[in-house]
Amino acid sequence: MELSILLEYGWILLVLIALEGLLAADNALVLAIMVKHLPEEQRKKALFYGLVGAFFFRFASLFAISFLVNVWQVQAIGAVYLLFIALNHIFRKVMVKKADESTEASKASKKKSGFWTTVIKVELADIAFAVDSILAAVALAVALPDSGLPNIGGLDGGKFLVIFAGGLIGLIIMRFAANFFVKLLQSKPGLEIAAFLIVGWVGVKLAVYTLAHPDLAILSEGFAKSPEWKITFYVVLILIAAGGWFLSKEKSPQSQAE
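Heads up, the sequence shown is in this note's numbering, so the first residue is 41 and it goes up one at a time.
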């Protein structure tokens, strides 16, 4: 593999690690909220089942998408889905936060789910997290140049390994480093919105790649792989990440505890 291609693969992997870390932290927060009403022993079991489910569904999604990734309809659905979850999350975070806070007391009074009902909800959440993670990884990796490694499913072997590594790293972060990323999100809350802005921007990248598919040819195939588009994509991505970091107001220890 040429050095330039190797560097491009390495850069994509670094971006995936950062994105997977923030998404894994958000996922860990959601799972923690879902199981917090259970007794401590049951809570640990529910989170363990959630982790097992996360492994299974993420790898199942990876192997399924490797056979479908070159179908433009699947690419289009993936692009729309990534844009939807990004816009939906940001809308809920920014626009309906106050409404959520006003109904928090009434929600707290509702009957809590039992252990197995909670486990089922956790597994359903795992499916959604797996799809989010794999689609974001595919959207980043699919425009990479071919590595020359044997295909796995319908996907170039090098691209498959990058997506596999990104998914595996996300799971490792969820298991061992989630606390660090959760604290980071608590101290820099703007990073959560930045992460989903990045997911939306990755959805735009997948949309461009889809529109350049030979069966559609709405955009030229050369544009989707051109240096100009790649540079534009990464500059905007870095600006989003930097904005999330530098424009995020630090939370005081007291507000974090609350």
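By construction, the Cβ of each residue, glycine as well, lies at the ideal position given by its N, Cα and C atoms. Small disclaimer: the values here were computed from a predicted structure and weren't measured.
The C-alpha of residue 183 lies about 47 Å from the C-alpha of residue 79. Here residue 52 is buried. Its C-beta has 16 or more other C-beta atoms within 10 Å. By the neighbour-count definition (other C-beta atoms within 10 Å, threshold 16), residue 278 is an exposed residue. Shown here, residue 195 sits in a strand according to DSSP, grouped into three states. Contact annotation: residue 252 and residue 261 have beta-carbon atoms nearer than 8 Å.
The way I'd put it, the stretch 168 to 181 does touch the stretch 54 to 61; three or more beta-carbon pairs between them come closer than 8 Å.
Nearest to residue 42 by alpha-carbon distance, out of 249, 185, 207 and 229, is 185. Scanning its chain for C-beta atoms nearer than 6 Å, with the 5 sequence neighbours on each side dropped, one finds around residue 199 the residues 181 and 184, in chain order. Buried is the label assigned to residue 49, since at least 16 other Cβ atoms lie within 10 Å of its Cβ. Taking one beta carbon from each stretch, the stretch 205 to 212 and the stretch 255 to 270 have fewer than 3 pairs nearer than 8 Å; the two do not touch.
If you draw a straight line from the Cα of residue 87 to the Cα of residue 162, it is about 8 Å long.
Exposure of residue 84 is indicated by the presence of fewer than 16 other C-beta atoms within 10 angstroms of its C-beta. Pairing residue 114 with residue 237, the inter-Cα distance amounts to about 22 Å.
DSSP places residue 253 outside any alpha helix (DSSP H), giving it a letter other than H or E. For residue 255, the closest of 134, 112 and 76 by C-alpha to C-alpha distance is 112. Within the same chain, 228 and 231 come within 7 Å of residue 285 by CB-CB distance, once the 5 residues on both sides are set aside. When secondary structure is reduced to three states using DSSP, residue 183 falls in the coil class, being assigned neither helix nor strand. When DSSP states are grouped into helix, strand and coil, residue 42 belongs to the coil group.
CA-to-CA, the gap between residue 280 and residue 239 works out to about 11 Å.
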